[in-house]
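Take a look at the structure set out below.
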Amino acid sequence: MLPTPPGVAATLGVSPLIVELDGAQRRSGSVNVSNDEGLVNRVQVKLTRWTQDADGQDVLEDSEQLLYHPRLMNVDPGTQRLVRLGLRRPPGEVEEAYRLFVEELPSPLSANAGGGSQVAVSVRFAVPVFVRPAEVRPGLRLSLLPAGRPDEAQIQLQNTGNVHVRATTLTLRGTVGQEVRTEGWYVLAGATRRFTVKRPGWACGLRGNLQVLIDTPQGPQQQPIEVSPELCQK
Numbered sequence: 090m091l092p093t094p095p096g097v098a099a100t101l102g103v104s105p106l107i108v109e110l111d112g113a114q115r116r117s118g119s120v121n122v123s124n125d126e127g128l129v130n131r132v133q134v135k136l137t138r139w140t141q142d143a144d145g146q147d148v149l150e151d152s153e154q155l156l157y158h159p160r161l162m163n164v165d166p167g168t169q170r171l172v173r174l175g176l177r178r179p180p181g182e183v184e185e186a187y188r189l190f191v192e193e194l195p196s197p198l199s200a201n202a203g204g205g206s207q208v209a210v211s212v213r214f215a216v217p218v219f220v221r222p223a224e225v226r227p228g229l230r231l232s233l234l235p236a237g238r239p240d241e242a243q244i245q246l247q248n249t250g251n252v253h254v255r256a257t258t259l260t261l262r263g264t265v266g267q268e269v270r271t272e273g274w275y276v277l278a279g280a281t282r283r284f285t286v287k288r289p290g291w292a293c294g295l296r297g298n299l300q301v302l303i304d305t306p307q308g309p310q311q312q313p314i315e316v317s318p319e320l321c322q323k
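What follows is the structure, encoded as structure tokens:
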């Protein structure tokens, strides 16, 4: 969601925050849009295909590959509306990722005491939508690499599976309590993303016995990580 300026309350809400579809029991889904208070909200809905480039950066393109409606609607105060989604075709062998943007369109507020008017703050949500394949094959390869600065390193996540990985945090741990930690993000199927951390000088002495703790919505996962020889060069 885009940030709201201080002192301004957002009245629009969405749930769930993630939608997963498949070719079996979940060929369709929905997102609930609520207006908790205030004026009538005019809401626009748009679907984008979500991929990641060679650097792991998100790429969004308008898409019609899923059915979804309505695309424009009014949400009255204290009410809720549903946005429905559905598959146009059976899922492929690799998970497809989308973002469903739900945006409150600006509208004039009532005139203030001075006779002027102002514009309502626009609230925007980007709900991840995943179309999962019939056969899920997870796979993840981790590497610790040099970064652009000598006091930094990069934890590289290479997703070799056919479904996304959501790493909320990444913690590189040594054997006697050392650790470095960073915030994570989604790594889509087949994509590679790097996360910059403070360079752990102790990591080179633990090559072959170094682990990364990955916090995910499904629970923590511990994975071995390869240390690049270039990181340990004097």
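Taking my numbering, the leading residue of the sequence shown gets 90, the next gets one more, and so forth.
No residue lacks a Cβ here, since even glycine has one placed at the ideal position from N, Cα and C.
Given the structure is predicted, the values throughout are model-derived calculations rather than measurements.
Assigned secondary structure, R153 (DSSP; H/G/I helix, E/B strand, else coil): Residue mapping note: residue 153 aligns to position 64 of the sequence shown, counting from 1. The question names Arg, but residue 153 is Glu in the sequence shown. Looking at E153 - three-state DSSP - the assignment turns out to be coil, as it is neither helix nor strand.
Buried/exposed call for G145, threshold 16 Cβ in 10 Å: Against the sequence shown, residue 145 aligns to sequence position 56. Counting Cβ neighbours within 10 Å, G145 comes out buried, since at least 16 surround it.
Residue nearest to Q310 in terms of C-alpha spacing, selected from R288, T257 and A280: Counting from one through the sequence shown, the residue named residue 310 turns up at place 221. With distances taken between Cα atoms, Q310 lies closest to T257.
S152 versus T137: straight-line alpha-carbon distance, rounded: The residue you call residue 152 lines up with position 63 of the sequence shown. The residue you call residue 137 lines up with position 48 of the sequence shown. Cα to Cα, the separation comes out at about 5 angstroms.
Through-space distance from L229 to Q169, alpha-carbon basis: The residue labelled residue 169 in the question sits at position 80 within the sequence shown. The residue labelled residue 229 in the question sits at position 140 within the sequence shown. When rounded, the distance between both Cα atoms is 40 angstroms.
DSSP beta-bridge partners of N248: As a first step, residue 248 must be located in the sequence shown, where it is residue number 159. According to DSSP, N248 bridges with L229.
Per-residue burial, G118 [other beta carbons within 10 Å of its own, 16 or more giving buried]: By 1-based counting over the sequence shown, the position of residue 118 is 29. Counting Cβ neighbours within 10 Å, G118 comes out buried, since at least 16 surround it.
Straight-line gap, Y157 to T285 (C-alpha atoms, nearest Å): Stepping through the sequence shown from its first residue, residue 157 is reached at position 68. Stepping through the sequence shown from its first residue, residue 285 is reached at position 196. In a straight line, the C-alpha of Y157 is about 37 angstroms away from that of T285.
For P179 and R160, the rounded distance between their alpha carbons: Your numbering for residue 160 matches position 71 in the sequence shown. Your numbering for residue 179 matches position 90 in the sequence shown. Between R160 and P179, the C-alpha separation is close to 23 angstroms.
Reduced DSSP category for E185 - H, G, I as helix; E, B as strand; rest coil: As a first step, residue 185 is located in the sequence shown; it is residue number 96 there, counting from the start. Correct three-state label for E185: strand.
Beta-carbon proximity check, N248 vs V225, cutoff 8 angstroms: In the sequence shown, the residue the question calls residue 248 occupies position 159. In the sequence shown, the residue the question calls residue 225 occupies position 136. No, Cβ-Cβ distance for N248 and V225 is not below 8 angstroms.
Length of the line joining the Cα atoms of E193 and E126: Taking the sequence shown and counting its residues from 1, the one referred to as residue 193 is at position 104. Taking the sequence shown and counting its residues from 1, the one referred to as residue 126 is at position 37. Going by the C-alpha atoms only, they are around 14 angstroms apart.
Through-space distance from R255 to L353, alpha-carbon basis: Limits of the chain in this structure are 90 at one end and 323 at the other, which puts residue 353 out of reach.
For L101 and P195, the rounded distance between their alpha carbons: Start at 1 with the first residue of the sequence shown, and residue 195 comes out as number 106. Start at 1 with the first residue of the sequence shown, and residue 101 comes out as number 12. Roughly 12 angstroms separates the two Cα atoms.
Beta bridge counterpart(s) of H158 as assigned by DSSP: As a working mapping, residue 158 is identified with position 69 in the sequence shown. According to DSSP, H158 bridges with R173.
CB contact flag (P291, G266, <8 angstroms): In the sequence shown, the residue the question calls residue 291 occupies position 202. In the sequence shown, the residue the question calls residue 266 occupies position 177. A small correction: the amino acid at residue 291 is Trp; Pro does not occupy that position in the sequence shown. Result no, Cβ atoms of W291 and G266 do not sit closer than 8 angstroms.
Counterpart residues of I303 in DSSP-defined beta bridges: The residue labelled residue 303 in the question sits at position 214 within the sequence shown. DSSP, once it has assigned bridges, lists L259 and Q310 as partnering I303.
Counted within 10 angstroms of its Cβ, other Cβ atoms place V108 as buried (16 or more) or exposed: The count along the sequence shown starts at 1 and reaches residue 108 at position 19. Per the 10 Å Cβ criterion, buried.
Limits of the beta strand (DSSP E) - the one that T281 falls within: Taking the first residue of the sequence shown as 1, we reach residue 281 at position 192. That run of the beta strand (DSSP E) goes T281 to K287.
Beta strand (DSSP E) segment containing W139, residue limits: On the sequence shown, residue 139 is found 50 positions in, with the first residue counted as 1. Element bounds for W139: N130 to Q141.
Proximal residues to P235 (C-beta, below 7 angstroms), its chain only, five neighbours per side dropped: Here residue 235 is taken as the residue at index 146 of the sequence shown, counted from 1. Cβ neighbours of P235 beyond the five flanking positions: A242, S317, E319 and L320.
Burial state of R221, where buried means 16 or more other Cβ atoms lie within 10 Å: If you number the sequence shown from 1, residue 221 lands on position 132. Counting Cβ neighbours within 10 Å, R221 comes out buried, since at least 16 surround it.
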